[in-house]
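There are 2 protein chains.
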Amino acid sequence: MADALRDLLDGRWAELRRSSIDLLAKLPAERAPDRAEVFEQLGVLAAGGYSRIGFPVEYGGRADIGGSVVAFEALGFGDLSLMVKAGVQWGLFGGAVQALGTREHHDRYLRAIMSLELPGCFAMTETGHGSDVQRLRTTATYDPETREFVVHTPDDEARKDYIGNAARDGRMAVVFAQLVTGGRSYGVHALLVPIRDESGAPLPGVRIENCGPKAGLNGVDNGRLWFDHVRVPRSALLDRYGAVSEDGRYSSPVEGDGRRFFTMLGTLVRGRISVAGGAGSATKRALTIAIRYGLARRQFTRPGSGEEVVVLDYLAHQRRLLPALATSYALHFAQEELVSALHDVSDDRAQRELESRAAGLKAVSTWHATATIQACREACGGAGYLSENLLADLKADTDVFTTFEGDNTVLLQLVAKGLLTSYRDHVGDLDPWGMARFVADQFVGVVIERTAARAIVDRLVGGSSDALRDRGWQLRQFEDRERHVLEGLARRLRAATEANAFDVFNAAQDHLLHAARTHVDRVVLEAFVAAVDRCGDEATTALLDKVCDLYALSVIEADRAWFLEHGRLTPARSKAVTQAVNELCAELRPHARRLVDAFGVPESRLAAPILG
Amino acid sequence: MADALRDLLDGRWAELRRSSIDLLAKLPAERAPDRAEVFEQLGVLAAGGYSRIGFPVEYGGRADIGGSVVAFEALGFGDLSLMVKAGVQWGLFGGAVQALGTREHHDRYLRAIMSLELPGCFAMTETGHGSDVQRLRTTATYDPETREFVVHTPDDEARKDYIGNAARDGRMAVVFAQLVTGGRSYGVHALLVPIRDESGAPLPGVRIENCGPKAGLNGVDNGRLWFDHVRVPRSALLDRYGAVSEDGRYSSPVEGDGRRFFTMLGTLVRGRISVAGGAGSATKRALTIAIRYGLARRQFTRPGSGEEVVVLDYLAHQRRLLPALATSYALHFAQEELVSALHDVSDDRAQRELESRAAGLKAVSTWHATATIQACREACGGAGYLSENLLADLKADTDVFTTFEGDNTVLLQLVAKGLLTSYRDHVGDLDPWGMARFVADQFVGVVIERTAARAIVDRLVGGSSDALRDRGWQLRQFEDRERHVLEGLARRLRAATEANAFDVFNAAQDHLLHAARTHVDRVVLEAFVAAVDRCGDEATTALLDKVCDLYALSVIEADRAWFLEHGRLTPARSKAVTQAVNELCAELRPHARRLVDAFGVPESRLAAPILG
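Chains as they are written, first to last, in numbering that gives the first Met the number 0: chain A, 0 to 611; chain B, 0 to 611.
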């Protein structure tokens with residue numbers, strides 16, 4: 000049964016998932032003490048084939064996009080500095096060259112990127128602009144005389160900031176800059192700019208600064224970059240979505256500067272999906288530690304028996320850990336669905352739906368990681384505060400996940416806007432007034448689009464039981480809430496005029512965030528339902544059914560005020576939801592160890608003294 | 000007006016509060032790089048008179064108990080390792096000698112403790128027992144032959160763990176151990192045990208180990224202690240509550256081993272109150288940073304104007320920070336009330352009520368710190384993750400506050416038990432069946448006891464308006480909820496039998512925690528109401544009224560499911576609460592800077608590059 004559970008969790012990329020964990024296990028278990036060692040371990044990953052998974056076959060890769068994310072998730076069981084560093088090198092830097100460059104760039108760089116001969120940076124964020132990257136202020140101005148681009152940082156607000164690989168290892172950077180030619184700006188484009196020579200010294204015109212110590216991820220060399228009229232050849236422009244001819248004429252297959260930029264950004268969606276997966280792995284590791292400790296630790300005597308009580312027998316302790324465990328299961332299956340969608344993406348609309356789902360799942364997964372790892376730390380008391388018990392670094396290293404690769408609050412707003420426009424176009428390009436007009440003209444009501452296991456969900460939703468543990472009832476609640484919240488939002492936004500659109504939107508910002516959240520919750524529940532449905536083992540199915548109940552009911556419990564406010568739950572039934580969550584905690588308590596074991600965190604990454 | 004606000008916040012110990020901050024400002028602003036430097040700074044505090052505040056006048060102290068907590072709170076604006084180290088030396092170690100020892104101990108040690116000549120440890124927690132300290136397993140066995148106690152660690156589970164000052168600086172430890180004489184155990188008592196010689200080497204029979212790196216507070220030298228039949232003279236026993244005669248006869252002014260132990264613990268309540276205050280200071284510092292940054296940072300363009308929007312103008316950003324700011328105000332005033340109660344405590348019942356309130360406020364304040372500092376970090380994005388911007392250390396250093404000096408979950412259970420027994424005796428001594436009998440026999444319904452500004456609260460509660468912003472309505476909601484939750488809990492517990500008492504209690508654990516929370520919320524609101532009432536300045540009063548509204552309504556909003564479930568709010572009114580919170584955020588936004596400035600965090604502790 001434990002194996003059936005593990006098999007289900009390992010899913011579509013089971014073999015690759017396991018071999019990646021094996022590769023991880025070849026690295027020393029201790030936290031890498033410094034940046035040099037992290038870089039060295041990156042070399043071990045490259046040598047072990049890790050870096051080849053996502054790149055084209057013609058350059059020695061395996062062209063397995065989904066697999067590249069799954070392998071990244073495996074790294075999330077180990078040192079997260081190494082995981083992030085791998086993400087910077089092969090996901091962001093290599094991914095940008097691959098997605099935004101053309102044949103010439105691929106021929107010239109991809110092999111060296113895979114082998115780590117060419118360590119690089121992804122230099123997008125600036126000190127002054129992180130979320131609103133469309134307004135970056137670095138410029139790349141074409142000079143037809145010399146057939147070069149001049150890359151320039153106008154002031155300190157426009158310096159590149161928090162850039163991984165910049166402070167120590169990067170030789171080259173994909174620099175995002177406003178492209179200017181013939182006196183006109185065409186919006187943000189990416190160029191390859193060498194930043195260090197062979198000896199590691201900054202190249203002329205390039206200034207590099209270390210960001211200094213951080214809350215965590217100190218094995219990653221984040222830095223700042225300034226460019227003082229740095230000249231790069233015309234071929235440095237990654238020109239898949241926008242090219243400049245020798246004489247300075249601009250051309251692009253995508254019309255509109257904003258639309259083009261969001262198309263370019265969209266090709267980089269894998270980064271967000273990877274962060275969601277990495278956060279998931281770190282959360283699983285923390286839960287494994289806290290639950291195993293909770294099963295070993297005893298405190299206070301059970302009257303009569305004289306025996307001390309196992310702390311996971313306390314309802315309060317179960318409440319801290321078991322709903323979070325159920326949510327980790329739910330998010331795991333949603334992540335797998337998302338990775339499959341990335342792997343199989345077909346058309347433009349599917350691409351935009353993918354981007355929206357990636358944004359939503361990244362936000363929900365990383366906030367879940369922050370909250371859950373915190374709960375795990377507290378559940379281990381003073382022992383959880385000691386570095387030797389691993390939770391301290393897990394907390395510190397994952398903290399930034401909620402704001403990097405897109406600030407969660409901004410991402411959830413993108414999700415809601417995508418829903419309101421049914422992914423008909425890039426929402427990043429619509430200002431509040433544009434959104435309001437779009438909604439007024441085209442929004443005719445929410446159509447729930449099932450993303451997973453359509454048939455089984457359809458059948459369950461159509462059921463008639465109103466028992467709290469009836470999956471159909473739960474699914475109907477999730478759908479109904481999503482629809483109602485979103486339609487209410489659309490009504491509010493329709494009221495906007497050109498003059499007050501910003502204020503109307505701003506006043507509805509909490510409503511917008513709630514709409515996004517309800518959508519993500521529903522997508523996640525459907526993914527869980529689909530996974531239970533494809534589980535072949537009877538006993539495992541029965542167990543997963545309870546885990547799924549706990550996920551669904553704890554989501555409803557957390558938002559039960561909404562269900563009460565909107566007449567979806569009576570007061571008595573609302574209290575019954577809380578009672579059902581308590582009962583499910585008690586029912587799952589005996590299976591807690593099995594449930595965390597199935598995550599497959601290697602024992603070498605659980606070497607905490609509190610686990611004995 | 001800013002000064003009126005500051006004056007109100009500075010409160011009863013205004014002068015001492017300010018002079019303590021001045022003393023803090025004399026220390027270097029950078030984080031102390033290592034333990035040696037923290038120890039050196041501790042010496043600066045001693046020389047500056049900090050350590051004298053709480054000790055008796057006859058030893059050169061100022062006998063100002065409340066003032067000693069206020070001074071500790073001032074340290075919370077600076078390096079928290081220094082704050083905790085000061086708490087260990089003078090609060091816990093010195094405090095235990097003062098509270099549990101008698102004349103001889105005071106004469107011999109207090110001056111050396113104050114001057115830091117004698118650095119010491121408070122060795123209570125063991126690896127195996129943290130929350131249930133009544134079951135510590137270190138023994139102190141009296142040997143009448145030599146008139147000595149033999150202090151012994153039977154196994155690794157009984158080693159002293161996480162002990163501040165143990166790994167590097169401590170020369171002596173107050174060791175809590177089961178006192179055995181004449182073949183009988185009399186429960187946990189405290190003894191003074193020298194652990195290091197003048198050269199700093201461990202004394203014979205004493206083994207010392209460093210706890211190693213921690214998530215934060217790395218300037219504190221936490222360590223582990225083992226005692227191998229270490230002999231100390233009979234006078235080493237801190238014998239205020241339990242003495243052993245030369246021939247080994249035990250005597251005590253307090254009957255019952257449990258009751259005696261909880262009486263001893265009760266005298267150490269200042270530690271918890273100090274942690275609540277220190278957590279409050281750290282939270283104020285984080286809020287000051289995040290709100291000042293939120294007022295300077297701009298992101299995304301306001302349509303039409305072309306100007307970028309100040310991020311604190313976004314509702315979502317206000318929602319993250321302003322209710323937390325209002326709660327910090329509320330907790331500040333509750334803390335001041337609590338410190339006053341500590342300073343003025345009169346009889347046994349007042350003492351138990353104080354202990355309960357300290358437990359509750361410690362739990363609520365430290366969880367507020369963890370959540371708020373996290374929100375502040377996220378509100379500052381990537382910049383918030385860099386150590387140079389101070390939030391990283393604030394997060395890491397405060398994290399352990401939720402579990403040290405009493406695990407918050409355990410503390411809230413003590414609060415609820417205290418309420419159920421009306422502080423009639425030490426609840427720590429009652430097992431579930433004892434509690435159930437007590438409740439069945441003596442609990443006749445909740446009587447709300449006002450802790451602050453009785454007259455004004457009575458008058459307001461008696462009012463008749465039902466407007467959401469009517470203070471009387473808010474107070475009635477808080478009282479009514481507390482009473483109803485507690486009475487429901489009592490009903491559940493009465494149903495217990497001797498056989499199922501543990502299970503009945505365990506099944507009600509979430510109810511118990513909620514009861515405690517509602518009580519603390521009410522006490523905190525009353526303290527806020529009292530503070531607004533004593534504010535002499537009209538404009539300041541008007542502003543504070545809004546801050547108090549935001550506190551009260553955001554508490555109701557967070558628990559509005561309860562109000563809906565129990566028919567206290569209609570769905571429409573519940574939605575109106577959310578709307579009112581949004582409106583209050585908008586109304587307070589222009590005053591945000593003034594509100595954080597009044598906290599009085601010295602500019603030297605706000606030297607973050609993001610604040611320009």
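Yeah, the Cβ is synthetic: ideal placement off N, Cα and C, and Gly gets one too.
query: Closest residue to T282/B among L393/B, A515/B and V310/B (Cα-Cα distance); result: L393/B
query: Beta-carbon proximity check, S19/B vs A73/B, cutoff 7 Å; result: yes
query: Test item: CB-CB of V37/B and G218/B under 7 Å; result: yes
query: Cβ-Cβ separation, Y328/A to V546/A (assumed contact under 8 Å), whole Å; result: 5 Å
query: Range of the contiguous beta strand (DSSP E) that encloses H228/A; result: That residue, H228/A, is in no beta strand (DSSP E); it is neither H nor E in DSSP.
query: The stretch 210-228 of chain B: positions lying closer than 7 Å to chain A by Cβ; result: C210, G211, P212, K213 and A214
query: Closer than 9 Å at the beta carbon, the chain A residues around T365/B; result: Simply none; closest approach about 10 Å.
query: Any C-beta of chain A under 7 Å from that of E208/B; result: no
query: Beta-bridge partners of G120/A, as assigned by DSSP; result: Note on residue identity: the sequence assigns Cys, not Gly, to residue 120/A. Answer is A172/A, bridged to C120/A.
query: Segment contact, 8 Å Cβ cut-off, at least three pairs: the stretch 321-336 of chain A with the stretch 380-395 of chain A; result: no
query: Cβ shell of G77/A (< 7 Å), same chain only, five flanking positions each side left out; result: L23, L26 and R604
query: D160/A versus F92/A - alpha carbon distance; result: 15 Å
query: Rounded separation between A70/B and R271/B - CA only; result: 15 Å
query: Alpha helix (DSSP H) segment containing H513/B, residue limits; result: Q508 to R533
query: Backbone CA spacing between G305/B and R297/B [nearest angstrom]; result: 12 Å
query: Any chain A beta carbon closer than 7 Å to F299/B; result: yes
query: 7 Å Cβ cutoff, Q476/B in contact with chain A; result: no
query: C-beta contact flag for L178/B and Y185/B at 7 Å; result: yes
query: Three-state secondary structure assigned by DSSP to T282/A; result: helix
query: Backbone CA spacing between P55/B and V274/B [nearest angstrom]; result: 22 Å
query: Chain-ordered neighbours of E486/B on chain A, where CB pairs are closer than 9 Å; result: Result: empty, since nearest Cβ-Cβ is about 16 Å, beyond 9 Å.
query: Pick from T371/B, E404/B, D396/B and T420/B that is closest to K361/B, judged by C-alpha positions; result: E404/B
query: Minimum Cβ-Cβ distance from F501/B to chain A less than 7 Å; result: yes
query: Proximity test, Cβ basis, 7 Å: L314/A and chain B; result: yes
query: Within chain A, the residues that P193/B reaches when beta carbons sit closer than 9 Å; result: In chain order: nothing, as chain A lies at least about 25 Å away.
query: Contacts that Y249/B makes with chain A (C-beta to C-beta distance below 9 Å); result: Within 9 Å Cβ-Cβ: nothing; Y249/B doesn't reach chain A, min ~24 Å.
query: Alpha-carbon to alpha-carbon, R588/B and I543/B; result: The sequence shown places Leu at residue 543/B, not Ile. In a straight line, the C-alpha of L543/B is about 13 Å away from that of R588/B.
query: Close-in-space but distant-in-sequence residues of the same chain around A452/B (CB under 7 Å, 5 per side omitted); result: E525, V528, A529 and D532
query: Residue-level contact to chain A via CB, D430/B, 7 Å cutoff; result: yes
query: Exposure label - A516/A; buried when at least 16 CB within 10 Å; result: In the sequence under discussion, the amino acid at residue 516/A is Arg, which differs from the Ala named in the question. The residue is buried, with at least 16 neighbouring Cβ atoms inside 10 Å.
query: Y384/B to D548/A span [Cα, whole Å]; result: 36 Å
query: Residue range of the unbroken beta strand (DSSP E) whose run includes V310/A; result: Taken as a continuous stretch (DSSP letters only), V310/A belongs to no beta strand (DSSP E), as it is neither H nor E.
query: Beta-bridge pairing of T496/B - partner residues as DSSP gives them; result: Answer by DSSP bridge pairing: none, since T496/B is not bridged.
query: Contact the stretch 114-129 of chain A vs the stretch 38-54 of chain A: 3+ CB pairs below 8 Å; result: yes
query: Within 9 Å of chain A by C-beta, residues of the stretch 274-295 of chain B in sequence order; result: none
query: Burial state of Q476/B (16 or more Cβ within 10 Å); result: buried
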